[in-house]
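Just so you know, the sequences run in chain order Y and X. At position 172 of the first sequence the residue is numbered 172 (this note's numbering), and the sequence of numbers has no breaks. Count along the second sequence starting at 1, add 193, and that's the number in this note's numbering.
Number of protein chains: 2
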Amino acid sequence: MTPQHPRNATSVPLTDQLADRWSPRSFDADFEIAPDDLTALGEAARWAPSANNAQPSRFIVGRRGTPTFASIVAALRPVNQGWAPRASVLIVALAETQRDGRPLRWAEYDLGQAVAHLTVEAESRGLSVRQMGGFDPDALRAAFALPPELVPVTVVAVGRYDAAADLPEEIRQRDAAPRLRRGLDELALILDV
Amino acid sequence: MTPQHPRNATSVPLTDQLADRWSPRSFDADFEIAPDDLTALGEAARWAPSANNAQPSRFIVGRRGTPTFASIVAALRPVNQGWAPRASVLIVALAETQRDGRPLRWAEYDLGQAVAHLTVEAESRGLSVRQMGGFDPDALRAAFALPPELVPVTVVAVGRYDAAADLPEEIRQRDAAPRLRRGLDELALILDV
């Protein structure tokens, strides 16, 4: 949970992990994630549901300071290189989009679910998550010798939110900006209840 | 939470909503979901993260007994028609895969996240969720006059688990079967921590 930030504005209260969840850029650059917390993130992803229990989610996990972390940072777009190196771990989330020559139709959808479960577990442990689509998939393919059926979909930053992080003013302002969502009536195409 | 079922087997404990989550077929065919609970599911999906805050998730929601519910049931594969009509609501989860003629790269991934957040909120309210890929997308397209950019990805059943549900033995056995997952070492291609 990130108490320095207002809860998400909802018409009915949500469970804490969802009510307090947001995606900060201001991570504590000195914070080290505990081994059990890291294991719990993996367990949360592992027990997420998947179509036909195919379990198409794969991960490359690098702790800050490791060669893997550096390779992931090198593949990020500059806008993300401005804040993501402060995260405690960076995780490449990959979807196994084919198996035995057949497409796994729900691979990316199920990967999204696995990362969401990881995020909920992170929130319950006082950690925050921000995901990125802004990276060079080919750079990750080259760095980690990925086979074609494994598609890097997002890079997931996990760490501890730090409202006083020493970041450029532009990044601080983006974190402080109001968070907006469409109304429920836009999400529900048909509501027959 | 579904106390009649063993918790997911993890090497470290997870937060309740994830530790107790599973995807039952045995729903209480008489249970009516409360309006606030249904609203909370929508709010959970609404506040899920999405790439560039594009919010590509859309839903068609039918309560049991409505024409919308009947149309969704009619599009399911027979194996799902055997249990899904007992759910309190059926929700078609759709991804807006294009906007203004451009692909939304993370539409299905983000839809997966939104449904996962909905699922966590459901668990926190004593409800259970089971998702289906076994349905005819074209039947849903026809029934709900969907434009091409909206892709029905899953059908989501929400209701109250009923261990004593009057279901065919084959379905009861599938709910009682052990739930298995790959090991953490299979999920983590590289673990540099």
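Positions of the beta carbon are idealized from the N, C-alpha and C atoms, including for glycine.
Out of Y:Gly101, Y:Gly133 and Y:Arg86, the CA that lies nearest to the CA of Y:Arg77 is found in Y:Gly133.
Annotation: X:Asp368 to Y:Ile60 spans about 33 Å, alpha carbon to alpha carbon. Leaving aside the five residues that flank Y:Leu118 on each side, the residues in its chain whose CB is nearer than 6 Å to its CB run, in chain order, Leu41, Ala44 and Ala45.
No Cβ-Cβ contact shorter than 8 Å links X:Ala357 with X:Phe220. Under the Cβ criterion (8 Å, minimum of three pairs), the region 288–304 of chain X counts as touching the region 331–347 of chain X. Restricted to the region 78–158 of chain Y, the beta strand (DSSP E) segments that are unbroken, complete and at least 3 residues in length are 89–96 and 128–132, listed in chain order.
For the pair X:Arg295 and Y:Ala139, the Cα-to-Cα distance works out to about 24 Å.
For the region 29–78 of chain Y, the full-length beta strand (DSSP E) segments reaching 3 residues or more read 57–63 along the chain. The residues Pro249, Ser250, Ala286, Ala288 and Val346, in chain order, have a CB closer than 7 Å to that of X:Leu304 in the same chain once the five nearest residues on each side in sequence are set aside. According to the DSSP assignment, X:Leu382 belongs to the beta strand (DSSP E) that extends over Ala381 to Asp385. For Y:Gly62, same chain residues with a beta-carbon under 6 Å away, outside a window of 5 residues either side, are Thr68, Phe69, Ile72 and Leu90 in chain order. In the DSSP annotation of this structure, X:Ala370 is not part of any alpha helix (DSSP H), being labelled neither H nor E. Here the alpha carbon of X:Gly352 sits roughly 19 Å from the alpha carbon of Y:Val12. Where Y:Leu14 is concerned, there is no enclosing alpha helix (DSSP H), because DSSP gives it neither an H nor an E. For the region 301–332 of chain X, the beta-carbon criterion of a distance under 7 Å to any beta-carbon of chain Y is satisfied by Glu301, Tyr302, Asp303, Leu304, Gly305, Gln306, Val308, Ala309, His310, Val313, Glu314, Ser317, Gln324 and Gly326. Short of 8 Å from the beta carbon of X:Leu339, and not among the five residues preceding or following it, lie these beta carbons of its own chain, in chain order: Leu287, Leu333 and Pro345.
For the 8 Å CB-CB criterion, X:Glu301 and Y:Glu108 form a contact. Those residues of the region 246–261 of chain X placed with their C-beta closer than 9 Å to a C-beta in chain Y are Asn246, Gln248, Ser250, Arg251, Phe252, Ile253, Val254, Gly255, Arg256, Thr259, Pro260 and Thr261, ordered along the chain. Of Y:Asp16, Y:Ile33, Y:Asp162 and Y:Gln173, the smallest CA-CA separation from X:Trp240 is found for Y:Asp16. At a cut-off of 8 Å, the C-beta of X:Phe220 has no neighbouring C-beta in chain Y. Between the alpha carbons of Y:Pro137 and Y:Ala75 lies a distance of about 8 Å.
At a cut-off of 8 Å between beta-carbon atoms, X:Val348 makes no contact with chain Y. With fewer than 16 neighbouring CB atoms inside 10 Å of its own CB, Y:Glu186 falls in the exposed class.
Within chain X, no residue has its beta carbon less than 7 Å from that of Y:Phe31; the closest one is some 14 Å off. Note on geometry: alpha-carbon atoms of Y:Leu127 and X:Arg218 lie some 33 Å from one another. Excluding the 5 residues flanking it on each side, Y:Arg130 has same chain C-beta neighbours closer than 7 Å at Ser23, Pro24, Arg25 and Ala157, in chain order. By the criterion of a C-beta distance shorter than 8 Å, Y:Leu184 is surrounded in its chain by Ser11, once the five residues flanking it on both sides are discounted.
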